[in-house]
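Trainee: Sequential numbering from 2 applies to the sequence shown in the working numbering. Idealized CB from N, CA, C, for every residue including glycine. None of the values given here were measured: they were computed from a predicted structure.
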Amino acid sequence: MANFFTDNDDLRFHFEEGVDWAPLVEVTELGYRTEDGFKTPQEAVAFYREVAESTGALAAEQIATRAAAIDREDTHLEGGEAIAGPAMNQIFDAIKAAELHRLCLPRELGGLNAPLLLYYLSGEMIARADVSVMTHHSFHGGMAMAMLVYSIHEGSTVLDPSRGRIDSTRFAEAIEEIARGDAWGCMDITEPNAGSDMAALRTRAELGPDGRWYLSGQKIFITSGHGKYHFVIARTEAAKDLDDPFTGLGGLSMFLVKAYDDLPDGTRKRYVTIDRVEEKLGHHGSVTAALSFDNVPGELIGKRGEGFKYMLVLMNNARLGVGFESIGLAEGAYRLAKAYAEERRSMGKPIARHEMIADSLDEMRTDIQGLRALAVEAAYSEEMAQKLVLFERFSAGLGPAERARVSRDLPKWRARSRRLTPLLKYLAAEKAVEIARRAIQIHGGVGYTKDYGAEKLLRDALVMPIYEGTSQIQALMAMKDTLIGAIKRPRDFLARIADARLGALTGKDELDRRLARVQGYSLSAQQHLLARTAAGKLRTLSVVPFAGWRDALTKGWDPKRDFSLAMLHAERLIRLLADEAIAEILVAQAKRHPGRRELAERYLDRAELRARALHEEITTTGGRILAMLAPEAEKQAVAAE
């Protein structure tokens, strides 16, 4: 029997050896205080493995075998409702029967109380089978978890810390409906002329005379937009200056909107209109809808003006999910290409034994394994950060040592998640496209036909760098955090440069020396961007009183105004940062698990060359483009000098 868990040695390594489950199980089980929970990490992990194996079998036997049918059948709009094909419906009947929608919900809400990391690892296997199934699946149980998290954040969930359980929660009825598999939700952000620029959103929410909120406007490109429950970002405060993104974002609020009710007579009463279902290049099993809201009732989540903050809670997890989806698709493309190359003979031998094909397959495999290590580390960090907050809030009688541990560990996990998440979203999405493209090339002419499935993978991959925050948005986030972090902590930054230079020469292990060289290229590129940025900043101080120079140099940084060169090189920098992070993770694994040394060496073989090339590009190019984009500003700067 086929199984996408048991046939993947690298995935099983993370599950069986790479992940330190004990701390994650402890916070998930609230210090083992729950009456009906697991009492040891071993009990919990044995259950997690059962789930992983059953999901691997479901993905291989029921989803992968229907992937071509899902792609052919597509989805369409009929009578105002989005209709999925028979294959998609059969798969979600199987997922419902397996109760996967309940995976991460607490037991008192009918869930299995599994960690999000297990959900992400399962998601990779489902995406390997068909990524559009995983995309839609994520808007089932994932939205129920979002309802619970939002309720906890706003204080409308009643906790019993002495028993480590939830007594009641605001959205319990909707959560149970989703957990049963009878409904799902979606996140409504994008509008015409307002994609990544959330400050330009125009959908409005107004408080009616009855004390209820009513929403009006349009949303487009809404994944699983035919769902019953919609988290909607709408404007409740007038933007004083729409050119100021902070003013615009501060006027946004989050609402839960029920899109329809199913009536006792079998008919459906719609409140949110589905205007159309997009005809897309790929992801044919996943509905992408355009929606209209015309004075539709909604429930405010949190306080008015907090919509952007609540959106980020969901978006961080969504970006991790896309990272795992991208890895699953890349795994499927690699295996398809490898199987074909081993069977297709040319010039007296399988094409897998031709040098260029062998090199391409090796790079695909290495990239996927590196990305998976990054994904697991990022997801673990984000979940530990979220769970430590809940652990402290849910648990009564925490001793001084436990509270000290939470205070010590929480900032560490938050910082690590913030660093790694955009790197994962960027590189996994870009590599999914690259690896799917290579799979077609290895297939040759037949790869361009529908007979082998390679062209479908490329069509499905092309959206990965676009949704849940484009690749360019991820690059700008990583650039801003990295450079501003160095500006705020210059001593730490200079110490890291010194450590990298010393480590490249004196590291006891060759892996340490090679890692230090990658780190050195990354830090040197950052130093160059900072030096050029600082030079530009110093020119602006001519109009600032001397007493204000310190604040201007340490606090008054505007990435849009001051970081033009860094913005130009943001994609190069994020690739360098991602290689650096993956190399660090793989070298650390190699030290704990000697069997991983070969992978670390294999990854560094390519990462060192890429790092050197990216460093050269960042430190030697860009002036011409900047001069072309802002010739007047350049002239003024030169004149000021």
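Looking only at its own chain, which residues have a Cβ that is under 8 Å from the Cβ of P24, when we skip the five neighbours before and after it?
Mentor: As a working note, residue 24 is residue 23 in the sequence shown. Excluding positions up to five away in sequence, the list reads M385.
Trainee: Going straight from the alpha carbon of G196 to that of G218, what length do you get?
Mentor: Numbered from its first residue, the sequence shown carries residue 196 at position 195. Numbered from its first residue, the sequence shown carries residue 218 at position 217. Each residue's Cα considered, the two are about 15 Å apart.
Trainee: To test your reading of the DSSP string, which unbroken alpha helix (DSSP H) runs of 4 or more residues are found completely within the stretch 50-79?
Mentor: Qualifying alpha helix (DSSP H) stretches, in chain order: 68-74.
Trainee: Taking C-alpha atoms, which residue in V464, R203, L605 lies nearest to V519?
Mentor: For this step, residue 519 is matched to residue 518 along the sequence shown. Among V464, R203, L605, the Cα nearest to that of V519 is on L605.
Trainee: List the DSSP bridge partners of P423.
Mentor: What you label residue 423 is simply residue 422 of the sequence shown in a count that begins at 1. Answer by DSSP bridge pairing: none, since P423 is not bridged.
Trainee: Roughly how many whole angstroms lie between the Cα atoms of A501 and T620?
Mentor: Counting from one through the sequence shown, the residue named residue 501 turns up at place 500. Counting from one through the sequence shown, the residue named residue 620 turns up at place 619. So the two alpha carbons sit approximately 18 Å from each other.
Trainee: I think Y121 touches L321, with their Cβ atoms under 8 Å apart; what is that distance to the nearest whole Å?
Mentor: Locating residue 121 in the sequence shown gives position 120, where the first residue counts as 1. Locating residue 321 in the sequence shown gives position 320, where the first residue counts as 1. The Cβ separation is near 6 Å, so the contact holds.
Trainee: Assign N318 to buried or exposed, taking buried as 16 or more other Cβ atoms, counted over all protein chains shown, within 10 Å of its Cβ.
Mentor: As a first step, residue 318 must be located in the sequence shown, where it is residue number 317. The residue in question, N318, is buried, as its Cβ has 16 or more Cβ neighbours within 10 Å.
Trainee: Under three-state DSSP, which class holds I302?
Mentor: The residue you call residue 302 lines up with position 301 of the sequence shown. Correct three-state label for I302: strand.
Trainee: Relative to the alpha-carbon of K388, which residue among L411, R373, L372, R404 has its alpha-carbon at the smallest distance?
Mentor: Reading the sequence shown from its first residue, position 387 is the one you call residue 388. Of L411, R373, L372, R404, the residue nearest in Cα terms is L411.
Trainee: By the DSSP assignment, the beta strand (DSSP E) with Y449 in it spans what residues?
Mentor: Numbered from 1 along the sequence shown, position 448 holds the residue referred to as residue 449. No beta strand (DSSP E) holds Y449; DSSP gives it neither H nor E.
Trainee: Under three-state DSSP, which class holds A83?
Mentor: Position 82 of the sequence shown, counted from the first residue, corresponds to residue 83. Strand.
Trainee: Excluding the five sequence neighbours on either side, which residues of its own chain have a C-beta within less than 6 Å of the C-beta of E207, listed in chain order?
Mentor: The residue labelled residue 207 in the question sits at position 206 within the sequence shown. Take E207, set aside five residues on each side of it, and the residues of its chain with a beta-carbon closer than 6 Å to its own are Y215, in chain order.
Trainee: Across which residues does DSSP place M188 in a beta bridge pair?
Mentor: Walking along the sequence shown from the start, residue 188 turns up at place 187. M188 is bridged to F232.
Trainee: If you measure between the beta carbons of M312 and Y230, is that distance less than 8 Å?
Mentor: Working through the sequence shown from its first residue, we reach residue 312 at position 311. Working through the sequence shown from its first residue, we reach residue 230 at position 229. In this structure, Y230 does not lie closer than 8 Å to M312 by Cβ.
Trainee: Is M188 close to chain B, meaning its C-beta is less than 8 Å from at least one C-beta of that chain?
Mentor: No chain B appears in this structure, which consists of one protein chain only.
Trainee: Can you tell me where the beta strand (DSSP E) holding Y261 begins and where it ends?
Mentor: By one-based count along the sequence shown, residue 261 stands at place 260. That run of the beta strand (DSSP E) goes 261-263.
Trainee: Just confirm the distance between the C-beta atoms of L421 and L477, as a whole number of angstroms; I'd bet it's less than 8 Å.
Mentor: As a working note, residue 421 is residue 420 in the sequence shown. As a working note, residue 477 is residue 476 in the sequence shown. In fact, because the Cβ distance is near 16 Å, the residues do not count as touching under 8 Å.
Trainee: Quick check for students: name the residue ranges of the beta strand (DSSP E) that lie wholly in the stretch 168-212, counting only runs of 3 or more.
Mentor: 186-189, 205-208
Trainee: Exposed or buried, what is Q43 when buried is set at 16 or more other beta-carbons lying within 10 Å of its beta-carbon?
Mentor: As a working mapping, residue 43 is identified with position 42 in the sequence shown. It counts as exposed.
Trainee: For a quick check, are the C-beta atoms of Y452 and H285 less than 8 Å apart?
Mentor: To locate residue 452, count along the sequence shown from 1; it is residue 451. To locate residue 285, count along the sequence shown from 1; it is residue 284. Per the sequence shown, residue 452 should be read as Asp rather than Tyr. The answer is no: Cβ separation not under 8 Å.
Trainee: Could you check how far apart the C-beta atoms of D189 and I223 are, in whole angstroms? I think they sit under 8 Å.
Mentor: By one-based count along the sequence shown, residue 189 stands at place 188. By one-based count along the sequence shown, residue 223 stands at place 222. Their Cβ separation, rounded to whole angstroms, is 5 Å, which keeps D189 and I223 in contact under 8 Å.
Trainee: Using only alpha-carbon positions, find the residue among V150, F93, M126 that is nearest to C105.
Mentor: Counted from its first residue, the sequence shown places residue 105 at position 104. Cα-wise, what sits closest to C105 is V150.
Trainee: What is the DSSP secondary structure of K97, reduced to helix, strand or coil?
Mentor: Numbered from 1 along the sequence shown, position 96 holds the residue referred to as residue 97. In this structure, K97 counts as helix in the three-state DSSP scheme.
Trainee: Check the C-beta distance from R166 over to E109 and give it rounded, since I have them as a contact under 8 Å.
Mentor: Within the sequence shown, numbered from 1, the residue matching residue 166 stands at position 165. Within the sequence shown, numbered from 1, the residue matching residue 109 stands at position 108. Correct: roughly 5 Å between the Cβ atoms.
Trainee: Quick check on N296: does DSSP put it in helix, strand or coil?
Mentor: Position 295 of the sequence shown, counting from 1, holds the residue named residue 296. Correct three-state label for N296: strand.
Trainee: Relative to the alpha-carbon of V464, which residue among G486, K426, G303 has its alpha-carbon at the smallest distance?
Mentor: Start at 1 with the first residue of the sequence shown, and residue 464 comes out as number 463. Among G486, K426, G303, the Cα nearest to that of V464 is on K426.
Trainee: Secondary structure at V258, three-state DSSP: helix, strand or coil?
Mentor: In the sequence shown, the residue the question calls residue 258 occupies position 257. Here V258 sits in strand by DSSP.
Trainee: To the nearest angstrom, how far is the alpha carbon of F48 from that of L615?
Mentor: Residue 48 sits at position 47 when you count from the first residue of the sequence shown. Residue 615 sits at position 614 when you count from the first residue of the sequence shown. Their backbone Cα atoms lie some 44 Å apart in a straight line.
Trainee: What residue does the alpha helix (DSSP H) around D643 start on, and which one ends it?
Mentor: No statement about residue 643 is possible, as the shown extent of the chain runs from 2 to 642 and does not include it.
Trainee: Less than 6 Å between C-beta atoms, sequence neighbours within five positions excluded: which residues of the same chain meet that for G283?
Mentor: By 1-based counting over the sequence shown, the position of residue 283 is 282. Answer for G283: R460, D461, listed in chain order.
Trainee: Within the continuous alpha helix (DSSP H) that includes I498, where are the two ends?
Mentor: Residue mapping note: residue 498 aligns to position 497 of the sequence shown, counting from 1. Where I498 is concerned, the enclosing alpha helix (DSSP H) stretches over 491-507.
Trainee: Where L202 and I234 are concerned, what is the direct C-alpha to C-alpha distance, given to the nearest angstrom?
Mentor: In the sequence shown, the residue the question calls residue 202 occupies position 201. In the sequence shown, the residue the question calls residue 234 occupies position 233. Cα to Cα, the separation comes out at about 8 Å.
Trainee: With which residues is G218 paired in a DSSP beta bridge?
Mentor: On the sequence shown, residue 218 is found 217 positions in, with the first residue counted as 1. Answer is F294.
Trainee: For M146, which of S169, D161, A359, R103 has the nearest alpha-carbon?
Mentor: Taking the first residue of the sequence shown as 1, we reach residue 146 at position 145. Nearest of S169, D161, A359, R103 to M146, Cα basis: R103.
Trainee: Please go through the same chain and pick out, in chain order, the residues whose beta-carbon is closer than 6 Å to the beta-carbon of M629, but skip the five residues on each side of it.
Mentor: The sequence position of residue 629 within the sequence shown is 628, counting from 1. Around M629: no qualifying Cβ.
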